[in-house]
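Residue numbers (this note's numbering), protein chains in the order written: chain R, 1 to 331; chain E, 332 to 662; chain H, 663 to 993. Please read the structure below before turning to the comments.
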Amino acid sequence: MTSSLHTPLQWHRRHILSLQDFSVPELDIVLQTAASFQEVLNRRTKKVPTLQARVVANLFFESSTRTRNSFELAAKRLSADILNFAPGTSALSKGETILDTAKTLWAMGAEFMVIRHQQSGVPHTIAAEMDRLGTQVAVLNAGDGLHEHPSQALLDLFTLCQLYSPRQPRCELLRGKKIAIVGDIRHSRVARSNLYSLTTAGADVHLAGPPTLLPPEFAKYGVTLHWQLEPALAKADIVMTLRLQRERMDQHLIPSLREYHQQFGITHERLRLCQPHVRVLHPGPVNRGVELSSALLDDGHVSLVNQQVTSGVAVRMALLYLMGSTPDAGG
Amino acid sequence: MTSSLHTPLQWHRRHILSLQDFSVPELDIVLQTAASFQEVLNRRTKKVPTLQARVVANLFFESSTRTRNSFELAAKRLSADILNFAPGTSALSKGETILDTAKTLWAMGAEFMVIRHQQSGVPHTIAAEMDRLGTQVAVLNAGDGLHEHPSQALLDLFTLCQLYSPRQPRCELLRGKKIAIVGDIRHSRVARSNLYSLTTAGADVHLAGPPTLLPPEFAKYGVTLHWQLEPALAKADIVMTLRLQRERMDQHLIPSLREYHQQFGITHERLRLCQPHVRVLHPGPVNRGVELSSALLDDGHVSLVNQQVTSGVAVRMALLYLMGSTPDAGG
Amino acid sequence: MTSSLHTPLQWHRRHILSLQDFSVPELDIVLQTAASFQEVLNRRTKKVPTLQARVVANLFFESSTRTRNSFELAAKRLSADILNFAPGTSALSKGETILDTAKTLWAMGAEFMVIRHQQSGVPHTIAAEMDRLGTQVAVLNAGDGLHEHPSQALLDLFTLCQLYSPRQPRCELLRGKKIAIVGDIRHSRVARSNLYSLTTAGADVHLAGPPTLLPPEFAKYGVTLHWQLEPALAKADIVMTLRLQRERMDQHLIPSLREYHQQFGITHERLRLCQPHVRVLHPGPVNRGVELSSALLDDGHVSLVNQQVTSGVAVRMALLYLMGSTPDAGG
Numbered sequence: 001m002t003s004s005l006h007t008p009l010q011w012h013r014r015h016i017l018s019l020q021d022f023s024v025p026e027l028d029i030v031l032q033t034a035a036s037f038q039e040v041l042n043r044r045t046k047k048v049p050t051l052q053a054r055v056v057a058n059l060f061f062e063s064s065t066r067t068r069n070s071f072e073l074a075a076k077r078l079s080a081d082i083l084n085f086a087p088g089t090s091a092l093s094k095g096e097t098i099l100d101t102a103k104t105l106w107a108m109g110a111e112f113m114v115i116r117h118q119q120s121g122v123p124h125t126i127a128a129e130m131d132r133l134g135t136q137v138a139v140l141n142a143g144d145g146l147h148e149h150p151s152q153a154l155l156d157l158f159t160l161c162q163l164y165s166p167r168q169p170r171c172e173l174l175r176g177k178k179i180a181i182v183g184d185i186r187h188s189r190v191a192r193s194n195l196y197s198l199t200t201a202g203a204d205v206h207l208a209g210p211p212t213l214l215p216p217e218f219a220k221y222g223v224t225l226h227w228q229l230e231p232a233l234a235k236a237d238i239v240m241t242l243r244l245q246r247e248r249m250d251q252h253l254i255p256s257l258r259e260y261h262q263q264f265g266i267t268h269e270r271l272r273l274c275q276p277h278v279r280v281l282h283p284g285p286v287n288r289g290v291e292l293s294s295a296l297l298d299d300g301h302v303s304l305v306n307q308q309v310t311s312g313v314a315v316r317m318a319l320l321y322l323m324g325s326t327p328d329a330g331g
Numbered sequence: 332m333t334s335s336l337h338t339p340l341q342w343h344r345r346h347i348l349s350l351q352d353f354s355v356p357e358l359d360i361v362l363q364t365a366a367s368f369q370e371v372l373n374r375r376t377k378k379v380p381t382l383q384a385r386v387v388a389n390l391f392f393e394s395s396t397r398t399r400n401s402f403e404l405a406a407k408r409l410s411a412d413i414l415n416f417a418p419g420t421s422a423l424s425k426g427e428t429i430l431d432t433a434k435t436l437w438a439m440g441a442e443f444m445v446i447r448h449q450q451s452g453v454p455h456t457i458a459a460e461m462d463r464l465g466t467q468v469a470v471l472n473a474g475d476g477l478h479e480h481p482s483q484a485l486l487d488l489f490t491l492c493q494l495y496s497p498r499q500p501r502c503e504l505l506r507g508k509k510i511a512i513v514g515d516i517r518h519s520r521v522a523r524s525n526l527y528s529l530t531t532a533g534a535d536v537h538l539a540g541p542p543t544l545l546p547p548e549f550a551k552y553g554v555t556l557h558w559q560l561e562p563a564l565a566k567a568d569i570v571m572t573l574r575l576q577r578e579r580m581d582q583h584l585i586p587s588l589r590e591y592h593q594q595f596g597i598t599h600e601r602l603r604l605c606q607p608h609v610r611v612l613h614p615g616p617v618n619r620g621v622e623l624s625s626a627l628l629d630d631g632h633v634s635l636v637n638q639q640v641t642s643g644v645a646v647r648m649a650l651l652y653l654m655g656s657t658p659d660a661g662g
Numbered sequence: 663m664t665s666s667l668h669t670p671l672q673w674h675r676r677h678i679l680s681l682q683d684f685s686v687p688e689l690d691i692v693l694q695t696a697a698s699f700q701e702v703l704n705r706r707t708k709k710v711p712t713l714q715a716r717v718v719a720n721l722f723f724e725s726s727t728r729t730r731n732s733f734e735l736a737a738k739r740l741s742a743d744i745l746n747f748a749p750g751t752s753a754l755s756k757g758e759t760i761l762d763t764a765k766t767l768w769a770m771g772a773e774f775m776v777i778r779h780q781q782s783g784v785p786h787t788i789a790a791e792m793d794r795l796g797t798q799v800a801v802l803n804a805g806d807g808l809h810e811h812p813s814q815a816l817l818d819l820f821t822l823c824q825l826y827s828p829r830q831p832r833c834e835l836l837r838g839k840k841i842a843i844v845g846d847i848r849h850s851r852v853a854r855s856n857l858y859s860l861t862t863a864g865a866d867v868h869l870a871g872p873p874t875l876l877p878p879e880f881a882k883y884g885v886t887l888h889w890q891l892e893p894a895l896a897k898a899d900i901v902m903t904l905r906l907q908r909e910r911m912d913q914h915l916i917p918s919l920r921e922y923h924q925q926f927g928i929t930h931e932r933l934r935l936c937q938p939h940v941r942v943l944h945p946g947p948v949n950r951g952v953e954l955s956s957a958l959l960d961d962g963h964v965s966l967v968n969q970q971v972t973s974g975v976a977v978r979m980a981l982l983y984l985m986g987s988t989p990d991a992g993g
């Protein structure tokens with residue numbers, strides 16, 4: 001990072017738990033910082049000493065390869081040390097509470113905690129406890145229940161803004177763009193976080209999904225709802241697809257994966273409704289032939305799935321860097 | 332460590348398996364070395380190159396978060412490389428003997444082995460085999476069956492001595508202090524290791540627990556036994572609580588967790604029997620409301636649980652450093 | 663490495679998938695490079711900055727301690743960063759294809775993929791896809807089904823050549839040496855890879871095993887087949903034993919482990935048929951008393967098992983180094 005990155009004096013957020021109250025200037029700081037780190041990642045030596053000897057604890061109570069590896073790599077490229085907490089072999093199975101586990105990691109020296117949990121609110125609870133104890137631990141929500149997944153939405157935002165300006169990504173680039181989010185909105189923490197950041201950025205957000213997966217109350221987010229795909233795709237600049245959990249079928253929320261694909265699956269043909277330059281995102285892992293046709297996923301001119309993964313490392317480096325730079329951060 | 336740490340010429344112990352024959356000068360070297368490393372941990376850059384490129388193998392045949400993470404962090408802060416041996420996915424499930432596994436790790440280049448096993452004596456057996464083969468591998472017992480857990484007792488000793496002298500912790504500070512160890516003494520390797528170090532340091536050690544968990548033969552350690560809590564607590568300077576395994580109830584060794592807490596659980600009220608400055612330890616993970624009341628555990632003026640965890644990293648750095656500094660150690 | 667290692671201009675192989683078409687000059691480059699790295703491993707500081715900040719992803723779909731740890735240590739000693747992919751907790755359990763997992767790791771920044779899979783050909787498929795996408799990812803086959811295990815055969819070759827010239831190991835040293843490979847040839851990917859490298863090196867290779875484990879078609883490799891042990895051992899310079907899977911008994915391919923040992927187990931007594939200086943190898947983990955007598959395994963004058971493990975780290979450092987040095991390799 002060094003010279004290319006100014007100290008972000010405007011940044012005061014130690015925890016990153018939700019995007020609900022992120023301002024445009026805050027989103028822009030994340031985008032600019034991530035762009036600087038992406039330059040680092042394009043060098044031959046992709047490592048900076050920013051967090052040398054500082055400890056990032058990964059607490060993934062819910063399994064994940066993609067997000068955990070992405071954070072692990074981001075932390076390594078900042079020269080941090082990493083503690084991986086594996087719930088299966090942990091003190092939790094001996095009856096310890098999550099808060100006591102977090103306190104133990106803090107007492108060992110962890111300054112950052114990246115937390116995924118199947119229950120909404122767990123990262124907030126841990127962050128509140130860390131603050132109450134007067135620690136400087138910085139907590140990042142890496143996905144909590146059906147609530148939020150801020151780092152995913154921020155990497156989506158970064159990927160989208162870079163479409164229009166690779167070196168100067170900023171929110172205003174998305175103003176007025178029509179973005180369709182398609183699929184299982186109801187159960188998606190990715191969708192919720194994206195709703196906050198994209199509407200804050202001024203995008204024209206449309207949601208589409210079957211009624212069982214898109215309840216009417218989502219209108220409160222200031223977005224347009226569609227229970228059919230076509231009006232959502234019409235003239236869209238961007239289509240964001242969401243992962244469909246196979247268990248939704250057992251819950252009778254969708255008739256079958258095949259029928260879902262027929263109604264809401266994205267294909268080259270359906271994209272003809274959109275702007276000619278339309279691009280498609282998916283947070284992964286993709287069920288090929290369900291949310292997206294295989295041909296579309298593999299079409300590098302349209303699919304941004306690989307760029308999202310690549311952006312993820314730069315964005316997560318930026319988040320850890322920013323969290324660690326607040327006046328009262330640990331160290 | 333550099334200048335602040337003298338080479339401990341007096342240190343000749345390559346393996347750390349038991350505290351039974353540790354002398355006061357040896358304990359004092361551990362305490363002083365740990366104090367030096369704790370200064371490192373209070374710096375912004377918490378890392379030293381002491382064990383750079385040397386390999387520490389963690390062999391945890393019994394699951395553990397706390398102790399394994401503590402050793403992993405200690406090794407990382409000494410700049411060592413770490414091999415984590417996960418029994419579940421290992422050659423052991425293919426029928427390899429533990430000794431052959433240890434030999435393989437040695438042949439790969441491991442110079443330190445940190446071993447936990449549910450059978451007493453396994454670390455000793457591996458250490459003896461490593462010596463027989465003429466290797467310079469240093470073996471540390473991280474908990475073997477019901478036998479010993481030396482690094483836990485040493486971090487307890489360090490935590491206690493630092494109460495009286497944070498910068499110059501040494502055994503003599505505990506001379507004559509009344510220390511009550513309360514709970515499931517019978518099944519506790521932590522208690523056994525502590526008995527050795529605390530009596531060597533000259534403390535006045537009292538044990539308390541129900542008769543099923545405190546057999547009379549423990550008197551041989553030169554300590555006072557109590558089958559009721561009150562006389563153990565009377566005028567005590569320190570109360571060490573032990574973890575109660577929930578399965579003791581199924582074994583009919585205790586009637587119920589609730590009744591155990593009523594008879595031997597430590598609370599603010601009960602501590603009125605002790606010295607006014609009394610402090611409470613627990614090796615973790617704690618069953619809240621069983622060994623300790625929740626209020627007591629969270630009372631930072633009395634509970635030393637977090638300090639124990641923090642001390643653990645410094646003490647384990649000291650142990651790895653000392654083991655690696657013996658004249659015949661690997662490297 | 664630095665000065666002692668010339669840039670291997672003659673090396674053009676980015677993937678290492680099979681030894682079938684390895685030439686003698688290529689094998690010799692591996693041997694010489696490994697010898698240079700072994701010198702590094704004999705220094706006090708066993709680390710070189712060769713792959714600093716480059717990412718090695720370990721994808722072990724089939725469990726392994728030995729090979730995975732060996733690669734992990736090799737990568738660490740080259741200063742690489744490592745991503746460990748654990749199939750149990752992975753996106754694969756969410757239905758993602760292996761190719762999509764590999765693409766995700768590439769998009770995150772992995773430049774090397776070390777792949778083990780129970781299906782033959784998986785590493786080849788991933789390598790082909792990485793090439794098709796125009797990535798510079800280098801793929802190493804760490805064992806695929808019953809097909810090949812090139813790094814094991816290369817470490818065996820290195821161990822053998824070093825018997826005759828520790829500092830200048832090269833293929834010609836094995837010309838005309840009688841090498842007996844004994845055991846479950848049929849199910850051994852180690853045997854297949856060794857057949858290619860040893861015959862290329864000009865050794866006189868003999869295979870021995872019961873008819874159920876040594877099908878006649880192995881004659882096509884230009885080797886001599888024996889369904890009894892004695893003629894294979896007669897005047898042999900080297901005996902390579904293979905691991906016997908216990909499940910072969912349930913498949914009725916061998917009558918019992920005991921009977922197998924009586925017919926094909928290697929003991930000091932049986933080695934009297936061989937050259938006086940005969941040495942014995944085994945890829946590990948060993949079933950003591952089955953493939954080898956316990957006494958023989960522990961006889962450091964005859965058994966090369968520990969040297970094989972030690973060689974493994976140097977050879978794998980050499981392979982990662984060479985794969986990363988091709989003109990079009992990532993970075």
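A virtual CB, placed ideally from N, CA and C, is assigned to each residue, including glycine.
| Query | Result |
| --- | --- |
| Phenylalanine 747(H) - partner residues in DSSP beta bridges | Leu721(H) |
| Reference isoleucine 928(H), options Val940(H), Val948(H), Ser955(H) and Thr821(H), closest by Cα | Ser955(H) |
| Close Cβ partners of threonine 398(E) (< 6 Å) along its chain, the five nearest in sequence each way excluded | Ala473 |
| Interface residues of the region 780-793 of chain H facing chain R [CB-CB below 9 Å] | none |
| Simplified DSSP state of glutamate 479(E), which is helix, strand or coil | strand |
| Beta carbon proximity, proline 103(R) to chain E, threshold 8 Å | Note on identity: in this sequence residue 103(R) is lysine, with proline being the wrong assignment. Yes, lysine 103(R) counts as interfacial toward chain E. |
| Local conformation of valine 974(H) per DSSP, three classes | Contrary to the premise, residue 974(H) reads as glycine rather than valine in this sequence. The answer is helix: DSSP assigns glycine 974(H) an H, G or I state. |
| 8 Å Cβ cutoff, threonine 695(H) in contact with chain E | no |
| The region 801-817 of chain H touching the region 767-786 of chain H, judged by at least three CB pairs closer than 8 Å | yes |
| Interface partners of arginine 950(H) on chain E, CB under 8 Å | Thr428 and Asp431 |
| Between the CA atoms of valine 190(R) and alanine 153(R) - distance to the nearest angstrom | 6 Å |
| C-beta atoms of alanine 405(E) and valine 386(E) nearer than 8 Å | no |
| Closer than 8 Å at the beta carbon, the chain R residues around leucine 745(H) | Asn69, Glu72 and Leu73 |
| Within chain R, partners of glutamine 649(H) - CB distance below 8 Å | Within the shown structure, residues of chain H are numbered from 663 to 993, placing residue 649(H) beyond reach of any answer. |
| Proline 947(H) versus Glu688(H), Ser725(H), Ile841(H) and Ala696(H), residue with shortest Cα-Cα distance | Ser725(H) |
| Sheet register partners of phenylalanine 264(R) (DSSP bridge) | Note: phenylalanine 264(R) sits in no beta bridge, so no partner. |
| Cβ contact (3+ pairs, closer than 8 Å) linking the region 313-327 of chain R and the region 23-39 of chain R | yes |
| One or two residues paired with leucine 887(H) in a DSSP bridge | Leu869(H) |
| Residues sharing a beta bridge with valine 139(R), DSSP | Met113(R) |
| is_contact[serine 335(E), chain R] using C-beta, thresh 8 Å | For serine 335(E), the predicted structure reports a pLDDT of 45, less than 50, and the residue's modelled location is therefore unreliable. The matter cannot be settled from this model. |
| Nearest neighbour of aspartate 899(H), chosen from Arg739(H), Glu810(H), Arg934(H) and Thr797(H) [CA to CA] | Arg934(H) |
| Proximity of tryptophan 437(E) and leucine 653(E) at Cβ, strictly below 8 Å | no |
| Opening and closing residue of the beta strand (DSSP E) in which alanine 842(H) lies | 840-844 |
| Closer than 8 Å to chain R by CB, glycine 507(E) | no |
| Proximal residues of chain H, C-beta to C-beta of valine 313(R) below 8 Å | Met770 and Gly771 |
| Local Cβ density within 10 Å of lysine 76(R), reported as buried at 16 or more and exposed below that | buried |
| Span separating the alpha-carbon of leucine 628(E) from that of serine 634(E) | 6 Å |
| Pick from Leu904(H), Arg932(H), Tyr883(H) and Arg832(H) that is closest to threonine 695(H), judged by C-alpha positions | Arg832(H) |
| Top-ranked residue by Cα proximity to proline 824(H), from Val799(H), Leu693(H), Lys882(H) and Gln907(H) | As written in the sequence, residue 824(H) is glutamine, which differs from the proline given in the question. Closest option to glutamine 824(H), Cα to Cα, is Leu693(H). |
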